[in-house]
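Each residue of the sequence shown is one higher than the one before, counting from 1401 in the numbering used here. Even for Gly, the Cβ is constructed at its ideal location relative to N, Cα and C.
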Amino acid sequence: MTETAPVELLVCTTCRRGLPVEDDAQRPGALLHKALEQADLPDGVTLKAVECLSNCDQGCSIVLRGPGRWTFVYENLNETDHVDVIVDGATKYLATEDGLVKWRERPEHFRKNCASRIPPIGA
């Protein structure tokens, strides 16, 4: 088996998910990042906090990206219901060479809530 290239899981920590939240540490995006820090992400997936992904009206957003892979932006996520979905999706993404998980193999939430897919640099 060949070793897969590393993958980054970016989480928008400034997301308020449309809620009037004043405490930055309690923003839904920050709470999602904190929950993912405690989750069982596979080796090869690096979790990174990022500021605004400019998808503010669509719930919490994440990005899956890696060298030579398609990049995906997923939306309408929350810090309680979707941690396992994100881990499952990241695991399947990591297992691909190009980032293209077969549509039917993607978690259902990912199938219905893909905000964008971006080709690899040089494609």
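Starting from Glu1422, trace the beta strand (DSSP E) in both directions and tell me its first and last residue. That residue, Glu1422, is in no beta strand (DSSP E); it is neither H nor E in DSSP.
Going by DSSP in three states, Val1407 sits in which element: helix, strand or coil? strand
Residues of its chain near Val1501, where Cβ-Cβ distance is below 7 Å and the 5 sequence neighbours each way are ignored: Lys1492 and Tyr1493
Residues in the same chain with beta-carbon distance under 7 Å from Pro1519, minus the five sequence neighbours each way, listed in chain order, please. Trp1470
Would you mind working out which of Leu1431, Asn1476 and Gly1466 sits nearest Lys1512, comparing C-alpha positions? Closest by C-alpha distance to Lys1512, out of Leu1431, Asn1476 and Gly1466, is Asn1476.
Spell out the partners DSSP gives Thr1446 in its beta bridges. Glu1408
How many angstroms separate the CA atom of Asn1455 from the CA atom of Ser1461? When rounded, the distance between both Cα atoms is 7 Å.
Can you tell me whether Thr1413 is buried or exposed, with buried defined as 16 or more other CB within 10 angstroms of its CB? Per the 10 Å Cβ criterion, buried.
For Val1463, which residues does DSSP report across the bridge? Leu1410 and Val1473
Spatial neighbours of Pro1507 within its chain, please: CB distance less than 6 Å, with the 5 preceding and 5 following residues excluded, ordered by chain position. Val1485, Asp1488 and Gly1489
Are the C-beta of Ser1516 and some C-beta of chain C separated by less than 8 Å? This model lacks chain C altogether; it includes just one protein chain.
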